[in-house]
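Report on one structure; see the data block that follows.
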Amino acid sequence: MPVTVVAGSCGARGSLGGFLESPTHAVVSPAGALYVSDTGNHRVLRIVSDQSEVVIGDGSVSSAGEGAPARRFPVAAPRQLALDAHGNLFVASSTTVRQIANVDGDDDADGDDAVFTIFGLERAAYPESDAFCVSALAASTDGGRVFVADGCQGFMVELQATP
Numbered sequence: 499m500p501v502t503v504v505a506g507s508c509g510a511r512g513s514l515g516g517f518l519e520s521p522t523h524a525v526v527s528p529a530g531a532l533y534v535s536d537t538g539n540h541r542v543l544r545i546v547s548d549q550s551e552v553v554i555g556d557g558s559v560s561s562a563g564e565g566a567p568a569r570r571f572p573v574a575a576p577r578q579l580a581l582d583a584h585g586n587l588f589v590a591s592s593t594t595v596r597q598i599a600n601v602d603g604d605d606d607a608d609g610d611d612a613v614f615t616i617f618g619l620e621r622a623a624y625p626e627s628d629a630f631c632v633s634a635l636a637a638s639t640d641g642g643r644v645f646v647a648d649g650c651q652g653f654m655v656e657l658q659a660t661p
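For what it's worth, this note's numbering labels the leading residue of the sequence shown as 499, then goes sequentially.
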């Protein structure tokens, strides 16, 4: 079976376009876009037709702020990714889950869309204030629910996807 590199450069790490630093997860949208959590570069990339763009992550180690465009907001070491039926992307770092809401209604989330923190240290309600290491993430097919597991604290919660 042939092997094709679709992102990064074999044996070379980096933050410039075309490079990845410790990618940890990938998902494919129904529209065919590939999303990659570029954990070491603190960003999530969207790849379509061998072209990559930043969806979220400005390279800084933070998960603060909300609004649009998503590409201008930081995300600290994104790991798990999930997509719902409406093209919304959910990004889990160790202490937060952020939603890239497909507000422009095109096929799926991109860097032009809005970002919302739906779970994590920036929220005051229990158990979000106690989240330390988000270890698993899943979105329901109906687009209304997101499931988050914290591997350090030993709990799993169900969230409503709409911020």
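Even glycine gets a Cβ: it sits at the ideal position worked out from N, Cα and C.
Range of the contiguous beta strand (DSSP E) that encloses residue i
i, result
"E443", "The displayed coordinates of the chain run from 499 to 661. Any statement about residue 443 would go beyond what the structure contains."
"M495", "Residue 495 is absent from the structure shown; the chain starts at 499 and stops at 661."
"F588", "L587 to A590"
"Y521", "The residue asked about is misnamed: residue 521 is Pro in this sequence, not Tyr. Per DSSP, P521 belongs to the beta strand (DSSP E) from P521 to V526."
Status (buried if at least 16 other CB within 10 Å, exposed otherwise) for residue i
i, result
"Q713", "Outside the displayed range of the chain (499 to 661) lies residue 713, so it cannot be described from this structure."
"Y624", "In this prediction, Y624 scores a pLDDT of 39, lower than 50, which makes its location untrustworthy; the coordinate-derived value is nonetheless stated afterwards. With fewer than 16 other Cβ atoms within 10 Å, it is exposed."
"G652", "exposed"
"A607", "buried"
"V542", "buried"
"S520", "exposed"
"S547", "exposed"
Simplified DSSP assignment, three categories, for residue i
i, result
"R544", "strand"
"R643", "strand"
"T502", "coil"
"A637", "strand"
"R596", "strand"
"G538", "helix"
"A612", "strand"
"A575", "coil"
"A568", "helix"
"L518", "coil"
"A622", "For A622, the predicted structure reports a pLDDT of 44, less than 50, and the residue's modelled location is therefore unreliable. A value from the coordinates is still provided. Coil, per DSSP."
"D648", "strand"
"V632", "strand"
Same chain, Cβ closer than 7 Å to residue i, neighbours up to 5 away in sequence not counted
i, result
"T522", "S535, T537 and R577"
"A612", "G565, A566, A568, A599 and V601"
"T639", "A583"
Sequence-distant residues of its chain with Cβ nearer than 8 Å to residue i (five each side left out)
i, result
"V559", "H540, P572, A574 and A575"
"M654", "A634, F645, V646, A647 and D648"
"V595", "F588, V589, T615, I616, F617, G618, V632, L635, V644, V646 and L657"
6 Å Cβ shell around residue i - same chain, five flanking residues per side excluded
i, result
"G563", "F571"
"A531", "R544, V546 and D606"
"A580", "F588, L635, A636 and A637"
"G557", "H540"
If you pair each beta-carbon of the region 565-583 with each one of the region 542-555, do three or more pairs fall below 8 Å?
These segments touch.
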